[in-house]
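Visitor: In the working numbering, the protein residues as written are 581 to 834. For glycine and all other residues, C-beta sits at the position ideal for the given N, C-alpha and C. Remember, predicted model here, so these are calculated numbers, not experimental data. I'd like to ask you about the structure that follows.
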Ligand SMILES: C[S@@+](CC[C@H](N)C(=O)[O-])C[C@H]1O[C@@H](n2cnc3c(N)ncnc32)[C@H](O)[C@@H]1O
C-alpha cells in the first residue's frame, strides 16, 4: 500500500504563518480591483469551467433538500459565492476572506446583482474558529493552498459543519504527468512572466502563484488531512490533467 507523507504545518503563532497572512493582505491591496480580470487571463478562463464541477457537487448535495446554509471560506471577490447564488436561490451564503480589499470588491458585486439575497461578507482568518454546526456546505476555492496551517483550517471547517455537511476544496496543483507537467513548467517559466509584465501584476504575485502551487500537497495528502480531522466518505479528483483538483469530505451524521 502506498504511504502518504503527512503534511506538517508551521503552527498558528509561527513567524511563517504570520508572514504568509501579511503577504496575502498586502498582495490584494493592489490586486483586488483587477483580480477577476487577471484570473481570467492568467488561467485562460479555466477557473470558470472548474467552478462548474464544484457547483455540480453542490447541486447533487442539495437533491431532496429544501434549503441550506453555506460558507465560502477565502471567498476573495465572491467567485464561488456568486456562482452558487446564481444557480441555487435556496442557499443562504456566508463568505469571509483575510483580505479587506477582496471583501470590499465582493460587497460591491452584491450591490450590482444580488440585492435581496441572504449573502454576507466579512473579514476573517480561516485558521481562527468560525462557528459550530452552522453550515451544511463549506467551500474553499483557490485559497486552501495559501493557508499556512491546513490542519487548523480543516478542523475549523469540521466544527462549523452540521452533521452530514459537505466540505469541498477546489485548488491548483502541480501536474505530475506529461504532457501537462511539461506544459505547466513552460507556462510558469515563460508565459506567466509575460502576462505579469503586460498586466502590471504586483511584482511578487506571479512568483507566489508558482511557489504556492509547487508547495501544494498532493490530493491524497489533502484527503488525509480531511480524514485526520474526522471527515468521512472523502474523495478527490484531478481536473485538466492535474492542473487543478477537487477534494470532498463529509462530516459524519444525519
Ligand atoms: C487566489 S484567491 C481565491 C479567491 C476566491 N476564492 C476565488 O476562487 O476566486 C485566494 C484567497 O484566499 C484568501 N486567504 C488566504 N489565506 C487566508 C486565510 N488564512 N483565511 C481566509 N482567507 C485567506 C486570500 O486573501 C485570497 O482572497
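What do you reckon, are the CB atoms on residue 728 and residue 597 nearer than 7 Å?
Guide: Counting from 1 along the chain shown, the entry for residue 728 is found at position 148. Counting from 1 along the chain shown, the entry for residue 597 is found at position 17. Their beta carbons are under 7 Å apart, which means residue 728 touches residue 597 by this criterion.
Visitor: Determine the DSSP secondary structure at residue 773, reduced to helix, strand or coil.
Guide: One-based indexing of the chain shown puts residue 773 at position 193. If DSSP states are grouped into helix, strand and coil, residue 773 belongs with the helices.
Visitor: Got a sec, what are the start and stop residues for the alpha helix (DSSP H) residue 608 sits in?
Guide: Here residue 608 refers to the residue found at position 28 of the chain shown. Unbroken alpha helix (DSSP H) run through residue 608: 595-611.
Visitor: If you scan the region 626-700 from start to end, which runs of the alpha helix (DSSP H) of 4 or more residues do you find wholly inside it?
Guide: 626-642, 659-667, 680-693, all fully within the region 626-700.
Visitor: What are the start and end residues of the beta strand (DSSP E) that includes residue 817?
Guide: Counting from one through the chain shown, the residue named residue 817 turns up at place 237. Segment 812-819, the beta strand (DSSP E) holding residue 817.
Visitor: Any heavy atom of ligand 1 inside 6 Å of the beta-carbon of residue 723?
Guide: On the chain shown, residue 723 is found 143 positions in, with the first residue counted as 1. Residue 723 Cβ: within cutoff of ligand 1.
Visitor: Mapping DSSP to helix, strand and coil, what is residue 837?
Guide: The chain is shown only over 581 to 834; residue 837 falls outside these bounds and no answer can be derived.
Visitor: Okay, do the region 660-670 and the region 691-702 touch, 3+ Cβ pairs below 8 Å being the bar?
Guide: The region 660-670, when compared against the region 691-702, does touch it at the 8 Å Cβ threshold.
Visitor: DSSP three-state label for residue 804, please.
Guide: Translated into positions along the chain shown, residue 804 becomes position 224. In the structure shown, residue 804 sits in a helix (DSSP, three-state: H, G or I).
Visitor: Terminal residues of the continuous beta strand (DSSP E) containing residue 715?
Guide: Your numbering for residue 715 matches position 135 in the chain shown. It spans 715-721 - the beta strand (DSSP E) in which residue 715 sits, taken as one unbroken run.
Visitor: For residue 682, is the beta carbon positioned less than 6 Å from some heavy atom of ligand 1?
Guide: Counting from one through the chain shown, the residue named residue 682 turns up at place 102. Yes, ligand 1 has a heavy atom inside 6 Å of this Cβ.
Visitor: Give the C-beta separation of residue 654 and residue 585 to the nearest angstrom, bearing in mind that I take them to be a contact with Cβ-Cβ under 8 Å.
Guide: Locating residue 654 in the chain shown gives position 74, where the first residue counts as 1. Locating residue 585 in the chain shown gives position 5, where the first residue counts as 1. With 8 Å as the limit, residue 654 and residue 585 do not qualify as a contact, their Cβ atoms being about 24 Å apart.
Visitor: How close, in whole Å, do the beta carbons of residue 715 and residue 651 come, if the pair is a contact with beta carbons under 8 Å?
Guide: Within the chain shown, numbered from 1, the residue matching residue 715 stands at position 135. Within the chain shown, numbered from 1, the residue matching residue 651 stands at position 71. Right, their Cβ atoms sit about 5 Å apart.
Visitor: With distance defined between alpha-carbon atoms, name the residue in 751, 604, 765 nearest to residue 803.
Guide: Locating residue 803 in the chain shown gives position 223, counting from the first residue. It is 751 whose Cα lies nearest to the Cα of residue 803.
Visitor: Between 806, 821, 818, which has its C-alpha nearest residue 829's C-alpha?
Guide: Within the chain shown, residue 829 is the residue found at index 249, counting from 1. Closest option to residue 829, Cα to Cα, is 806.
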